[in-house]
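Structure first, commentary second.
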Amino acid sequence: MEHAELKTQPTVYLETYGCQMNIADSELITGILRRAGYISAARPEDADVILLNTCAIREHAEERALGRLADLARLKHRRPAIRLGLLGCMAQHNRARLVEKAPYLDLVAGPDSYRRLPEFLGQAGFDPIVDVRLDRGETYAGLGADHAGGPRAYVTVMRGCDRFCAFCVVPYVRGRERSVPPEAVIEECRALAAGGVREVVLLGQTVNAYRHGAVDFGRLLTMVAAIDGIGRIRFTSPHPCDMTPSVIAAMAAESKVQPYLHLPVQSGSDRMLAAMERGYSVGQYLELVERLRRAIPGLALSTDIIVGFHGEEENDFEATMALMREVGFDSAFTFKYSVRENTRAYRLGDSVSEPEKARRLSAVIELQESLSMARNQAQVGKVLDVLVEGPARRGAGMLSGKSPHFKTAVFPGTPNIIAGDTVPVRIVSASSHSLVGVPAI
Ligand code: 5AD
Ligand code: SF4
Numbered sequence: 077m078e079h080a081e082l083k084t085q086p087t088v089y090l091e092t093y094g095c096q097m098n099i100a101d102s103e104l105i106t107g108i109l110r111r112a113g114y115i116s117a118a119r120p121e122d123a124d125v126i127l128l129n130t131c132a133i134r135e136h137a138e139e140r141a142l143g144r145l146a147d148l149a150r151l152k153h154r155r156p157a158i159r160l161g162l163l164g165c166m167a168q169h170n171r172a173r174l175v176e177k178a179p180y181l182d183l184v185a186g187p188d189s190y191r192r193l194p195e196f197l198g199q200a201g202f203d204p205i206v207d208v209r210l211d212r213g214e215t216y217a218g219l220g221a222d223h224a225g226g227p228r229a230y231v232t233v234m235r236g237c238d239r240f241c242a243f244c245v246v247p248y249v250r251g252r253e254r255s256v257p258p259e260a261v262i263e264e265c266r267a268l269a270a271g272g273v274r275e276v277v278l279l280g281q282t283v284n285a286y287r288h289g290a291v292d293f294g295r296l297l298t299m300v301a302a303i304d305g306i307g308r309i310r311f312t313s314p315h316p317c318d319m320t321p322s323v324i325a326a327m328a329a330e331s332k333v334q335p336y337l338h339l340p341v342q343s344g345s346d347r348m349l350a351a352m353e354r355g356y357s358v359g360q361y362l363e364l365v366e367r368l369r370r371a372i373p374g375l376a377l378s379t380d381i382i383v384g385f386h387g388e389e390e391n392d393f394e395a396t397m398a399l400m401r402e403v404g405f406d407s408a409f410t411f412k413y414s415v416r417e418n419t420r421a422y423r424l425g426d427s428v429s430e431p432e433k434a435r436r437l438s439a440v441i442e443l444q445e446s447l448s449m450a451r452n453q454a455q456v457g458k459v460l461d462v463l464v465e466g467p468a469r470r471g472a473g474m475l476s477g478k479s480p481h482f483k484t485a486v487f488p489g490t491p492n493i494i495a496g497d498t499v500p501v502r503i504v505s506a507s508s509h510s511l512v513g514v515p516a517i
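Residues 77 to 517 in the numbering used here are what the sequence shown spells out, letter by letter.
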């Protein structure tokens, strides 16, 4: 009986790779498919439809997804009725070529095709469906994502990127910039607040380039800050060139906007920044950091760093290390340069050898560990408001949450503290990755 019931409602298993944007897109896809009658399955073995939402930012990300796809193909071989789909940036990047490489795929759909997923999955065809049209108008505004739960939720406010950094595939796979109407953003945040969400993270590939009519990103921050129930606001990822006075003023004026910013720098060498077509110099970046720190005292900063970009010499790399020290980032995401087809840098080449990239990567990671340690140690003795997410991984009755600086803080729980509470915590020790404290109530 239960089995018959399952058959009337198809089940879908969705696995997500890549950035926060993809995680948010998967919540959107889950919402679209749920409304079309699909039930989520926890394991691929239990699903009628298996979807991978993929990333194309580096070759390694694509290799991982292809490896996983090969596993799932074996499952489909045993149970041919399974429909197997590849979604997201890699679908867009590789297009029809994927169907040749992976003939067992039933569906290849890019980031602007999710509205039509129920239709595609409903078509019982023999040939695979490939839909990778980019749609300048698609923002999925008002469609409603299925929030995964917890006190923090991610809200997509803009999609696409017009910056075309020389190394980056994003503008090609996600298309042009477009912003969600502010009313739709506000409505989504209100609904999330009503459902118990306390912190929203506004998302976009160049989130601070947000513009809808007269509403720029600074104005949007102010509008979201006016929503009752939302206690904290963050956003990611901004581009340094779009860090306008309006955005900085809103960050400074709105106490709900948390004093933390992820500000990707990529390199500390002017020569590399020019080759990367980032649109700023080291001096301009440092000047921006100074303006931000003046406007928002105690601001925590994280960044993205690429080592081994084509043409990077030892002195360019040293300049990156010097910049990291000078800014004193709280944390950094560090990457080896990965050549991507279609990008402007594709035809330049890949002059830094793999072992040399690996050496430079280890060096920036090691440096960042010590910088993070120093920044975290500076929190010891302070009382910080921690938004509680739930039990800490280390167990033993410890709870875990985030400080205003987006640092993980753990502390012993008490029966009256639950997820979603904001608790003042006195920090007693720190490592390069987290803070440990005790409730200061
Ligand atoms: N190789 C390595 N890292 C890259 N990133 C983007 N494209 C590449 C690439 N081709 C990094 C950048 C970006 C982050 C999301 O990924 O640092 O900010
Ligand atoms: Fe890629 Fe540059 Fe756009 Fe960021 S701003 S998504 S690095 S092209």
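Every residue, glycine too, gets a C-beta built ideally from N, C-alpha and C.
Would the beta-carbon of residue 357 fall within 8 Å of that of residue 368? Not closer than 8 Å, so no.
Which parts of the stretch 121-201 are runs of the alpha helix (DSSP H), unbroken and 4 residues or longer, counting only runs that do not cross its ends? For the stretch 121-201, the full-length alpha helix (DSSP H) segments reaching 4 residues or more read 135-154, 165-170, 172-177 and 193-198 along the chain.
Using a Cβ-Cβ cut-off of 7 Å (strictly less than) and excluding sequence neighbours within five positions of residue 488, which residues of its own chain qualify? Cβ neighbours of residue 488 beyond the five flanking positions: 473, 474 and 514.
Does the separation of the CB atoms of residue 210 and residue 196 fall below 8 Å? Not in contact: residue 210 and residue 196 (Cβ atoms no closer than 8 Å).
DSSP state of residue 512, grouped into three classes? In the structure shown, residue 512 adopts extended strand secondary structure according to DSSP, grouped into three states.
Just to confirm, is the Cβ distance from residue 232 to residue 97 under 8 Å? Cβ atoms of residue 232 and residue 97: closer than 8 Å.
How many Å lie between residue 203 and residue 124 at the Cα? Looking at the two C-alpha atoms, the distance is approximately 18 Å.
Give me, in chain order, the residues of the same chain whose beta-carbon lies closer than 8 Å to that of residue 129; leave out the 5 immediate sequence neighbours on both sides. So the list reads 90, 91, 92, 93, 94, 98, 101, 102, 105, 163 and 164, once near-sequence residues are dropped.
Would you check if the distance between the CB atom of residue 187 and the CB atom of residue 151 is smaller than 8 Å? Not closer than 8 Å, so no.
Is residue 243 near the ligand 5AD, judged by its Cβ being under 7 Å from some heavy atom? For residue 243, the shortest C-beta to heavy atom distance toward the ligand 5AD is below 7 Å.
Minimum C-alpha distance to residue 214 - residue among 250, 382, 504 and 455: Nearest option by C-alpha distance: 250.
Any idea if residue 294 is buried or exposed, counting beta-carbon neighbours within 10 angstroms, 16 or more meaning buried? Within 10 angstroms of the beta-carbon of residue 294 lie 16 or more other beta-carbons, which makes it buried.
Check whether residue 117 and residue 87 have beta carbons under 8 Å apart: In contact: residue 117 and residue 87 (Cβ atoms closer than 8 Å).
Report the residue from 198, 190 and 481 whose alpha carbon sits nearest the alpha carbon of residue 459. Of the listed residues, the one whose Cα sits closest to residue 459 is 481.
Can you list, in chain order, the stretches of the beta strand (DSSP E) that have 3 or more residues and sit fully within the stretch 361-434? With a minimum length of 3 residues, the continuous beta strand (DSSP E) runs that stay inside the stretch 361-434 are 376-383 and 407-412.
Residue 414 beta carbon near the ligand 5AD (any heavy atom closer than 7 Å): For the ligand 5AD, at least one heavy atom lies less than 7 Å from the Cβ of residue 414.
Alpha carbons only, please: which of 507, 363 and 216 is nearest the one belonging to residue 264? Of the candidates 507, 363 and 216, the one whose C-alpha sits nearest the C-alpha of residue 264 is 216.
Which partner residues does residue 487 have in the DSSP bridge list? DSSP output for residue 487 lists 475 as bridge partner(s).
Which value, in whole angstroms, describes the spacing of the CA atoms of residue 160 and residue 331? Each residue's Cα considered, the two are about 46 Å apart.
Going by C-alpha to C-alpha distance, which of 364, 386, 373 and 497 sits closest to residue 347? Comparing C-alpha distances from residue 347 to each of 364, 386, 373 and 497 shows the shortest one belongs to 386.
Do residue 297 and residue 309 have their beta-carbon atoms positioned less than 8 Å apart in this structure? Judged by beta-carbon spacing, residue 297 lies within the 8 Å limit of residue 309, meaning their Cβ atoms are closer than that value.
Proximity winner among 312, 405 and 418, relative to residue 509 (alpha-carbon distances): Measuring from the Cα of residue 509, the nearest candidate turns out to be 405.
Give the secondary structure of residue 204 by DSSP, where H, G and I count as helix, E and B as strand, and everything else as coil. Three-state DSSP puts residue 204 in coil, outside helix and strand.
Return helix, strand or coil for residue 210, following the three-state DSSP convention. Residue 210 falls in the coil class under three-state DSSP.
Using the beta-carbon count (16 or more within 10 Å), is residue 379 buried or exposed? Answer is buried; the Cβ neighbour count reaches 16.
Would you check if the distance between the CB atom of residue 397 and the CB atom of residue 447 is smaller than 8 Å? Their beta carbons are not under 8 Å apart, which means residue 397 does not touch residue 447 by this criterion.
Could you check if residue 494 is buried or exposed, using at least 16 other CB atoms within 10 Å of its CB as the buried criterion? By the neighbour-count definition (other C-beta atoms within 10 Å, threshold 16), residue 494 is an exposed residue.
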